[in-house]
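In my numbering, the protein residues as written are 4 to 120.
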């Protein structure tokens, strides 16, 4: 299972961790089942996201725009203003084995989470 994460600028590690835990609880999954978080390359300097991954012991993989845009996510996205079809859903799909969303994107405050297998 891969957790795709989209964020607003300046989020905290607590915001990210809370959003991830809420989404996993809703799916009946645990952190042990998550080998990686996925996000957009434009988020690679987002300290809260990096710190959350470090604290949880889960690497955050940042994907280039062309990889994200090669997927057609089912939900519309604010990321279109950055030239992206989405962040959370395409990122989760791109790194997952079956490329199948099991949890469509959901917004938790300033963090968006999607999960794919």
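Glycine included, every Cβ here is placed at the ideal spot set by N, Cα and C. Here the structure is a predicted model, which means the values were calculated and not measured.
Item	Value
Burial state of residue 7 (16 or more Cβ within 10 Å)	buried
Range of the contiguous alpha helix (DSSP H) that encloses residue 20	16-30
Euclidean distance between Cα positions of residue 53 and residue 117	17 Å
Beta-carbon separation (whole angstroms), residue 90 vs residue 43, contact threshold 8 Å	5 Å
Straight-line Cα distance separating residue 101 from residue 55	26 Å
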